[in-house]
């Protein structure tokens with residue numbers, strides 16, 4: 132009846148101008164893409180998208196090569212393989228060759244380096260490995276970042292000056308310096324110290340990956356700490372007073388009353404922090420961790436297809452961040468309903 | 131039961147306020163004491179000092195024989211014996227009504243869940259709100275929320291109940307239901323300290339009325355004395371303003 136939308140099924144028709152501007156949007160996007168494509172044609176860049184899938188998964192041809200010289204003495208079938216024995220005098224070697232790929236017969240004379248047989252095998256490409264490593268590094272760093280951030284955030288609002296000032300020092304140091312520099316400090320300073328001392332004690336070395344994870348986790352932890360602090364402080368003081376007046380300790384009150392409520396308010400800004408962390412992990416390439424960006428750079432130098440690869444790299448990051456953002460939105464909705 | 135001697139409390143932020151000035155009071159077991167006074171007179175601070183939600187600057191406060199001003203006193207243990215009801219209810223919004231009443235029983239009193247639920251249901255029935263046990267606080271009216279808050283405090287089997295303006299945030303038609311629960315409690319012999327503006331309640335239920343102004347106890351006596359023959363001019367002025 133009225134214009135106020137009494138029934139949800141009746142939608143106000145959008146004015147023509149709205150569709151016009153939607154058209155303008157698509158026109159601008161299409162225009163930018165075309166301009167880019169035209170520019171690449173002008174410099175004679177050849178797009179070869181078909182070469183890209185091999186960096187995710189590829190069929191590898193493996194040849195079984197004899198290491199010694201001799202005669203094929205015996206061929207013993209074993210399941211779907213054949214054990215080929217090459218012998219000359221006392222020297223003998225046995226090679227397992229798949230039936231289908233067998234290239235020698237009994238009595239053949241073999242030189243070192245001769246192919247006895249071959250087979251094909253699907254292998255995971257470098258970009259897929261990079262994507263996986265980016266995901267792995269990010270997830271581990273997020274987990275530790277949240278744990279560090281939770282304690283640093285609680286310390287930040289503590290009345291104990293040691294805890295409070297430690298937290299402030301940590302947060303300000305981390306937030307006030309570039310992540311790139313922090314990664315260098317973790318790898319070249321702390322990494323050198325730790326690995327040298329451990330080497331002197333005869334303990335095995337820590338891999339660069341873990342210094343990278345440590346740098347990311349400590350970086351994220353400082354930001355999570357501020358998010359946690361804000362979340363806790365946003366809970367009304369009456370909640371603490373009510374729980375404490377019932378005889379709960381500070382810790383019990385935090386666990387049962389304050390943190391569950393703060394978590395709901397923390398979740399949205401935390402999601403933004405997670406997404407930043409995934410993107411920041413691209414800096415780890417500089418300390419020889421072959422995550423997605425480093426992997427892309429390596430493929431670019433061998434394939435000479437930088438345009439496809441860098442666009443693809445960006446899309447893969449987008450895929451990770453978008454998936455995470457959807458997941459957290461779902462969590463948030465479910466959490467708010469209950 | 132409660133023995134307060136020469137207690138001082140000064141708030142320094144945002145500006146200096148002498149909230150309690152040489153307050154001395156004694157409350158016997160089973161006594162119902164109503165504290166009245168203009169806003170800013172220190173009556174809420176007095177109440178909050180009794181379970182150390184505010185820590186007094188100096189003086190002594192004995193609760194059931196323990197000096198809570200002694201730093202070695204186990205304040206959590208004392209708080210479990212002293213129930214408190216707030217003006218703004220302060221129910222836990224993420225927990226159901228039942229969970230609000232069982233939480234501290236399980237966490238602090240170490241009761242089993244079954245024991246806690248049994249106790250909680252009995253108390254919710256007592257305050258007349260048993261059918262809402264599964265609901266969340268924001269689904270209840272103000273009066274219902276405050277009755278749940280009373281049940282939550284009673285679930286700890288406290289020896290003393292403190293009420294900090296329990297009806298001030300309520301719509302007028304809900305004040306009665308909360309006062310009714312408090313009257314029942316008083317009749318059962320609970321030691322109660324009530325900060326309130328409900329003079330009807332003071333007159334009907336209180337054994338003693340304390341009038342505070344500017345952080346000090348100005349006058350105290352039976353409701354009879356208080357409402358008929360007040361001595362101090364400030365008491366007379368206050369009563370003339372609110373009655």
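Protein chains in written order, with my numbering: chain A, 132 to 469; chain B, 131 to 373. For every residue, glycine included, the Cβ atom is placed at its ideal position computed from N, Cα and C.
Am I right that residue 345 of chain B and residue 148 of chain B are in contact with their C-beta atoms under 8 angstroms? What's the rounded C-beta distance? The count along the second chain starts at 1 and reaches residue 345 of chain B at position 215. The count along the second chain starts at 1 and reaches residue 148 of chain B at position 18. Contact between residue 345 of chain B and residue 148 of chain B holds, with the beta-carbon distance rounding to 5 angstroms and staying under 8 angstroms.
Taking just the CA atoms, how far does residue 405 of chain A sit from residue 331 of chain B? The count along the second chain starts at 1 and reaches residue 331 of chain B at position 201. The count along the first chain starts at 1 and reaches residue 405 of chain A at position 274. Rounded to whole angstroms, residue 331 of chain B and residue 405 of chain A show a C-alpha spacing of 56 angstroms.
As assigned by DSSP and simplified to three states, the class of residue 217 of chain B: Residue 217 of chain B sits at position 87 when you count from the first residue of the second chain. Assigned with DSSP and collapsed to three states, residue 217 of chain B falls in coil, not helix or strand.
Beta-carbon contacts of residue 377 of chain B that lie in its chain and below 8 angstroms, excluding the five residues immediately before and after: Residue 377 of chain B lies beyond the residue range present for chain B, which begins at 131 and ends at 373; the question has no answer from this structure.
N- and C-terminal bounds of the beta strand (DSSP E) containing residue 322 of chain B: Your numbering for residue 322 of chain B matches position 192 in the second chain. 321-325 is the span of the beta strand (DSSP E), which, as asked, contains residue 322 of chain B.
Mapping the DSSP letters down to three states, classify residue 343 of chain B as helix, strand or coil. To locate residue 343 of chain B, count along the second chain from 1; it is residue 213. DSSP, reduced to helix, strand and coil, places residue 343 of chain B within a strand of the structure shown.
Could you tell me which uninterrupted beta strand (DSSP E) segments, each at least 3 residues in length, are contained entirely in the stretch 184-228 of chain B, listed from first to last along the chain? Listed in chain order, the complete beta strand (DSSP E) runs (minimum 3 residues) inside the stretch 184-228 of chain B are 188-193, 212-215.
Contact set between residue 259 of chain A and chain B, taken where Cβ atoms lie within less than 8 angstroms: On the first chain, position 128 is the one that residue 259 of chain A refers to. In chain order: nothing, as chain B lies at least about 42 angstroms away.
What first and last residue would you give for the beta strand (DSSP E) that runs through residue 212 of chain A? Indexing the first chain from 1 puts residue 212 of chain A at position 81. It spans 212-219 - the beta strand (DSSP E) in which residue 212 of chain A sits, taken as one unbroken run.
Which partner residues does residue 253 of chain A have in the DSSP bridge list? The residue you call residue 253 of chain A lines up with position 122 of the first chain. Residue pairing for residue 253 of chain A: DSSP places it in a beta bridge opposite A:190.
How close, in whole Å, do the beta carbons of residue 183 of chain A and residue 443 of chain A come, if the pair is a contact with beta carbons under 8 angstroms? Numbered from 1 along the first chain, position 52 holds the residue referred to as residue 183 of chain A. Numbered from 1 along the first chain, position 312 holds the residue referred to as residue 443 of chain A. Here residue 183 of chain A really is in contact with residue 443 of chain A; their C-beta atoms are around 6 angstroms apart, less than 8 angstroms.
Neighbourhood of residue 463 of chain A by C-beta, 6 angstroms cutoff - its chain only, sequence neighbours within 5 removed: Taking the first residue of the first chain as 1, we reach residue 463 of chain A at position 332. Here the set comprises 398.
Do three or more CB pairs link the stretch 384-394 of chain A to the stretch 332-346 of chain A at distances below 8 angstroms? No, they do not touch.
Is the stretch 453-462 of chain A touching the stretch 308-325 of chain B in the sense that three or more CB pairs, one from each, lie closer than 8 angstroms? Counting C-beta pairs with one atom in each stretch, the stretch 308-325 of chain B and the stretch 453-462 of chain A have fewer than three that are closer than 8 angstroms, which means they do not touch.
Going by beta-carbon coordinates alone, are residue 414 of chain A and residue 273 of chain A separated by less than 7 angstroms? As a first step, residue 414 of chain A is located in the first chain; it is residue number 283 there, counting from the start. As a first step, residue 273 of chain A is located in the first chain; it is residue number 142 there, counting from the start. The answer is no: Cβ separation not under 7 angstroms.
Contacting residues, own chain, Cβ-Cβ under 7 angstroms from residue 333 of chain B (five flanking each side not counted): What you label residue 333 of chain B is simply residue 203 of the second chain in a count that begins at 1. The answer, listed in chain order, is 353, 357.
Tell me which residue opens and which closes the alpha helix (DSSP H) that residue 180 of chain B is part of. The count along the second chain starts at 1 and reaches residue 180 of chain B at position 50. Premise fails: residue 180 of chain B is in no alpha helix (DSSP H) and is neither H nor E.
Residue 173 of chain B to residue 283 of chain B, Cα distance in whole Å? Reading the second chain from its first residue, position 43 is the one you call residue 173 of chain B. Reading the second chain from its first residue, position 153 is the one you call residue 283 of chain B. If I take the Cα positions, the gap works out to 20 angstroms.
Can you confirm whether residue 317 of chain B, when its beta carbon is compared against all beta carbons of chain A, has any partner nearer than 7 angstroms? Here residue 317 of chain B is taken as the residue at index 187 of the second chain, counted from 1. The beta carbon of residue 317 of chain B does not come within 7 angstroms of any beta carbon belonging to chain A, so the residue lies off that interface.
Per-residue DSSP class, three states only, for residue 247 of chain A: Counting from 1 along the first chain, the entry for residue 247 of chain A is found at position 116. Three-state result, residue 247 of chain A: strand.
Closest Cβ-Cβ distance between residue 379 of chain A and chain B: below 7 angstroms? In the first chain, counting from the first residue as 1, residue 379 of chain A sits at position 248. The Cβ of residue 379 of chain A sits closer than 7 angstroms to at least one Cβ of chain B.
is_contact[residue 304 of chain B, chain A] using C-beta, thresh 7 angstroms: Translated into the one-based positions of the second chain, residue 304 of chain B becomes position 174. With 7 angstroms as the cut-off, residue 304 of chain B does not count as an interface residue toward chain A.
Extent of the continuous beta strand (DSSP E) run through residue 297 of chain B: The count along the second chain starts at 1 and reaches residue 297 of chain B at position 167. Per DSSP, residue 297 of chain B belongs to no beta strand (DSSP E) and is neither H nor E.
Tell me the rounded alpha-carbon separation between residue 324 of chain B and residue 165 of chain B. Looking up residue 324 of chain B in the second chain gives position 194. Looking up residue 165 of chain B in the second chain gives position 35. Taking C-alpha positions only, residue 324 of chain B is separated from residue 165 of chain B by approximately 6 angstroms.
Counting Cβ pairs closer than 8 angstroms, one from the stretch 261-273 of chain B and one from the stretch 220-228 of chain B, do we hit at least three? These segments touch.
Sufficient close CB pairs (3 or more, under 8 angstroms) joining the stretch 251-258 of chain B to the stretch 199-217 of chain B: Taking a cut-off of 8 angstroms for Cβ pairs, the stretch 251-258 of chain B and the stretch 199-217 of chain B do not touch, as fewer than three such pairs fall below it.
Are the stretch 133-153 of chain B and the stretch 181-199 of chain B in contact at 8 angstroms, needing three or more beta carbon pairs? Taking 8 angstroms as the limit for Cβ pairs, the verdict is that the stretch 181-199 of chain B does touch the stretch 133-153 of chain B.
Can you tell me whether residue 171 of chain A is buried or exposed? The criterion is at least 16 other CB atoms within 10 Å of its CB, across all chains shown. For this step, residue 171 of chain A is matched to residue 40 along the first chain. Under this definition residue 171 of chain A is an exposed residue.
Give me the DSSP bridge partner(s) of residue 208 of chain A. Position 77 of the first chain, counted from the start, is the residue given in the question as residue 208 of chain A. Residue pairing by DSSP places residue 208 of chain A opposite A:213 in a beta bridge.
How many Å lie between residue 441 of chain A and residue 259 of chain A at the Cα? For this step, residue 441 of chain A is matched to residue 310 along the first chain. For this step, residue 259 of chain A is matched to residue 128 along the first chain. Spanning the two alpha carbons is a distance of roughly 14 angstroms.
Sequence-distant residues of the same chain with beta carbon closer than 8 angstroms to residue 439 of chain A, five excluded per side: Looking up residue 439 of chain A in the first chain gives position 308. Closer than 8 angstroms at the Cβ level, and outside the excluded window around residue 439 of chain A, lie 178, 179, 180, 182, 183.
Restricting to runs no shorter than 4 residues, where is the alpha helix (DSSP H) found entirely within the stretch 314-389 of chain A? Unbroken alpha helix (DSSP H) stretches of 4 residues or longer found wholly inside the stretch 314-389 of chain A: 322-331, 339-364, 368-376, 381-384, given in chain order.
Among all the DSSP beta bridges, which residues are the ones paired with residue 139 of chain B? Against the second chain, residue 139 of chain B aligns to sequence position 9. For residue 139 of chain B, which the question treats as bridged, DSSP gives the partners B:150.
Given a threshold of 16 other Cβ atoms within 10 Å of its Cβ, counted over all protein chains shown, does residue 242 of chain B qualify as buried or as exposed? On the second chain, residue 242 of chain B is found 112 positions in, with the first residue counted as 1. Within a 10 Å sphere around the beta-carbon of residue 242 of chain B sit fewer than 16 other beta-carbons, which makes this residue exposed.
Would you identify the three-state DSSP class for residue 143 of chain A, choosing helix, strand or coil? Indexing the first chain from 1 puts residue 143 of chain A at position 12. In this structure, DSSP gives residue 143 of chain A a state outside helix and strand, which the three-state scheme calls coil.
If we cut at 7 angstroms on Cβ distances, does residue 218 of chain B have a partner in chain A? Walking along the second chain from the start, residue 218 of chain B turns up at place 88. Yes - at least one Cβ of chain A is within 7 angstroms of the one on residue 218 of chain B.
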